[in-house]
């Protein structure tokens, strides 16, 4: 996670507008790193010591000078304490700025940033003194954070320089999808939620797709296996046959090599969650282009093998398995689809439901939170999960979850396998 303010040594410079340089470093390793960084506690601010005299008697002028120096030392100590307090409070905001930028630019975002703050009320002026993060998003977020911070009254009218050190984690597992802007081309907007760039995992990628009312994707070839959770109504068609209607809550599987054309209803835009496996760095999607080629009107010679058909599972067709504190609605079951690259379910948890610590030896787990909140334990980290979170949990990492509110989430495994445990009979209720 992030290091707290490590030091606050400041030097006052002469002049009507004093300049405080707080040598305070906040290291941000991200809200979902694979292992936490150390968090040393803050040290005491270093304040200058007023000069002492050799004798107990002095002239009135000397006594006045001593009193002035003592007051000056007290004022400086108060300012340094205010800076230390501010840095401790700004730590969480700095972490969020890193996470918001890393969600778009990649989890390897790191570097040092020094900001010059002219403190005023109600808004301070913040300029860049030094930056090697190469992240305009991070810089803009930090400037906004410091400009709007309620600085302590003793700092009003002062100018301080604050350095921050951002350290990249080994991977990232929890991302707030509100931080990621959609990219639109024509009738389709794409938001790249999870990919190798922002998680470090190439097992699968997750997108949000929005098709304008009455618009379509066109007929396209799925170069990778796709799972679509529909959040609205529309139709899907293959190369042959009539279009098939679907509703919100239905799930579409398009095997690699399959063809599909999604069309939104005339009255409303169509939103959907798309997961593809394998994943990768989704450069074209981040630019707003669908990561699938359009079907050519002239098929290549020798392509006599028919494209695999898509499979649409309606919400009322999925099998529900009740568990203590919730349930699982299984949409993609390899036992039925005869395909093992993906499984998909919708989880429901009552408030207070706890999933004990466990791990998946070879499978990657992805979650798209539809509603609710809770706390994820990932290795040694404890991470908040909210109604706009998306998660990528790598294989071999112990994790647990506690629902703080009723929760509903789309859950996928690649490869499939762990979902089969839901079919086992639920354990009997405990008798008090």
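In this note's numbering, the protein residues as written are 402 to 833. Note that the Cβ used here is the ideal one computed from N, Cα and C, for glycine as well.
For the alpha helix (DSSP H) containing residue i, list its first residue and its last residue.
i	result
residue 687	684-687
residue 735	735-738
residue 541	537-549
Tell me the rounded alpha-carbon separation between residue i and residue j.
i	j	result
residue 804	residue 773	8 Å
residue 716	residue 494	40 Å
residue 556	residue 762	53 Å
residue 738	residue 667	31 Å
residue 583	residue 609	8 Å
residue 813	residue 571	23 Å
residue 646	residue 499	42 Å
residue 770	residue 798	20 Å
residue 599	residue 807	28 Å
residue 605	residue 729	22 Å
residue 764	residue 743	10 Å
residue 568	residue 780	19 Å
residue 644	residue 795	37 Å
residue 722	residue 561	59 Å
residue 592	residue 746	22 Å
residue 801	residue 755	8 Å
residue 432	residue 707	The predicted model places residue 432 with a pLDDT of 27, which falls under 50 and marks its position as unreliable, so this point remains unresolved.
residue 665	residue 636	7 Å
residue 491	residue 581	22 Å
residue 731	residue 485	52 Å
residue 826	residue 810	22 Å
residue 672	residue 619	16 Å
residue 719	residue 614	27 Å
residue 510	residue 497	13 Å
residue 601	residue 691	21 Å
residue 565	residue 529	12 Å
residue 525	residue 488	16 Å
residue 549	residue 479	21 Å
residue 788	residue 651	20 Å
residue 632	residue 649	4 Å
residue 474	residue 538	39 Å
residue 455	residue 501	In this prediction, residue 455 has a pLDDT of 32, which is less than 50 and means its spatial position is unreliable; what the coordinates show is noted afterwards. The straight-line gap from Cα to Cα measures roughly 58 Å.
residue 563	residue 725	50 Å
residue 678	residue 521	51 Å
residue 607	residue 595	5 Å
residue 642	residue 712	14 Å
residue 392	residue 714	In the structure displayed, the chain extends from 402 to 833; residue 392 sits before or after that span and is not available.
residue 443	residue 784	Here residue 443 scores only 29 on pLDDT, less than 50, and its place in the model is too uncertain to base an answer on.
Determine the extent of the beta strand (DSSP E) in which residue i is found, giving its start and end residues.
i	result
residue 585	584-586
residue 796	Note, residue 796: premise wrong, no beta strand (DSSP E); not H, not E.
residue 809	808-815
residue 781	That residue, residue 781, is in no beta strand (DSSP E); it is neither H nor E in DSSP.
residue 566	560-567
residue 661	660-665
residue 671	671-678
residue 556	Careful: residue 556 lies outside any beta strand (DSSP E) and carries neither H nor E.
residue 531	526-532
residue 575	575-577
On the premise that residue j lies in contact with residue i, defined as a C-beta separation below 8 Å, what is that separation, rounded to the nearest angstrom?
i	j	result
residue 617	residue 663	6 Å
residue 654	residue 733	6 Å
residue 766	residue 680	With 8 Å as the limit, residue 766 and residue 680 do not qualify as a contact, their Cβ atoms being about 13 Å apart.
residue 670	residue 611	6 Å
residue 741	residue 735	5 Å
residue 778	residue 786	Contact flag wrong, Cβ pair sits at about 11 Å.
residue 547	residue 518	5 Å
residue 676	residue 628	5 Å
Could one say the Cβ of residue i lies closer than 9 Å to chain B's Cβ atoms, at least one of them?
i	result
residue 765	Given the protein chain composition of this structure (a single chain), no chain B is represented.
Which residue spans inside the stretch 589-656 form an unbroken beta strand (DSSP E) run of at least 3?
Correct list: 589-595, 606-612, 626-631, 635-638, 645-647 and 652-655.
Beta strand (DSSP E) segments (min. 3 residues) lying fully within the stretch 699-776:
Counting whole runs of 3 or more residues, the stretch 699-776 contains the beta strand (DSSP E) stretches 712-714, 720-724, 727-733, 744-750, 755-759 and 765-772.
Check whether the stretch 612-631 touches the stretch 531-543, taking contact to mean three or more Cβ pairs, one atom from each stretch, closer than 8 Å.
When Cβ pairs closer than 8 Å are counted between the two stretches, the stretch 612-631 is seen not to touch the stretch 531-543, the count staying below three.
Given 8 Å, three or more beta-carbon pairs between the stretch 817-827 and the stretch 651-670
Segment contact: the stretch 817-827 against the stretch 651-670, fewer than three CB-CB distances shorter than 8 Å; contact not assigned.
Is the stretch 556-567 close to the stretch 577-587, with three or more CB pairs under 8 Å?
Contact between the stretch 556-567 and the stretch 577-587 is absent, because fewer than three Cβ pairs lie under 8 Å.
Taking 8 Å as the cut-off, does the stretch 750-759 touch the stretch 672-689 (at least 3 CB pairs, one atom from each stretch)?
Verdict: no, contact absent.
Would you check if there are 3 or more beta carbon pairs closer than 8 Å linking the stretch 509-516 to the stretch 539-547?
With contact defined as three or more Cβ pairs closer than 8 Å, the stretch 509-516 and the stretch 539-547 are in contact.
Kindly provide the ranges of any beta strand (DSSP E) runs that are 3 or more residues long and lie completely inside the stretch 485-517, ordered along the chain.
Whole beta strand (DSSP E) segments, 3+ residues: zero.
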